[in-house]
Structure formats: structure tokens, C-alpha cells
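Novice: Letter by letter, the sequence shown follows residues 279 to 348 in the working numbering.
Where is the CB? At the ideal position from N, CA and C, for every residue including glycine.
Keep in mind that this is a model prediction, so the values were computed, not measured.
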Amino acid sequence: MGVVAKGAKCNVDGCMNDGARSLNTTKVENAGLRVNSTGKKTVLCKLHYKEYKKESKDDRALERARYDKF
Numbered sequence: 279m280g281v282v283a284k285g286a287k288c289n290v291d292g293c294m295n296d297g298a299r300s301l302n303t304t305k306v307e308n309a310g311l312r313v314n315s316t317g318k319k320t321v322l323c324k325l326h327y328k329e330y331k332k333e334s335k336d337d338r339a340l341e342r343a344r345y346d347k348f
């Protein structure tokens, strides 16, 4: 059972919504979200996960391109 299933709250500063996803803290910080988590994983609510996806779209596309075979 993961932290989201246990009822963890969103780790973004000022947000008290229930968590929906657990992601790597450094990737979330690189996307521009301010988190108050000090561990390896950060919990994001649906709203902040959507914001993370928008901000990290280019980075994720480059990451996928590294593994595509021609």
C-alpha cells in the first residue's frame, strides 16, 4: 500500500488537497512547483499533477526520445 492510498496530502506549499500521484521530488522541483517535502517522493493532488504535466512536457518528450528506436 502506497502513501497515496493511505490518504497523504499534497506536498505543494499551501495546498491541503488529497494526494493523487507520487513523483520524484527533484523532477517536481525542476518543473517549478514549490514543495515542502524533503524525501525522495512528493505527493501531488490532481490540480498540481496537471500543472506538473504542463510544465514538464518538453522534458518528458526528450526523455522518451532517448529510448525510441529508429
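Just curious, the beta strand (DSSP E) that V306 is in, first and last residue?
Specialist: Here V306 belongs to no beta strand (DSSP E); instead the alpha helix (DSSP H) covers 303-308.
Novice: What is the DSSP secondary structure of R299, reduced to helix, strand or coil?
Specialist: Reduced to three states, the DSSP call for R299 is strand.
Novice: Just to confirm my understanding: we take V313, look at its own chain, exclude 5 residues before and 5 after, and list those with CB closer than 8 Å. What are they?
Specialist: Cβ neighbours of V313 beyond the five flanking positions: N289, V290, D291, T303, V306, E307, T320.
Novice: With L340 as the anchor, note down where its alpha helix (DSSP H) starts and where it stops.
Specialist: Taken as a continuous stretch (DSSP letters only), the alpha helix (DSSP H) holding L340 covers 335-345.
Novice: Which residues mark the beginning and the end of the beta strand (DSSP E) in which L322 is found?
Specialist: From DSSP, the beta strand (DSSP E) with L322 extends over 319-322.
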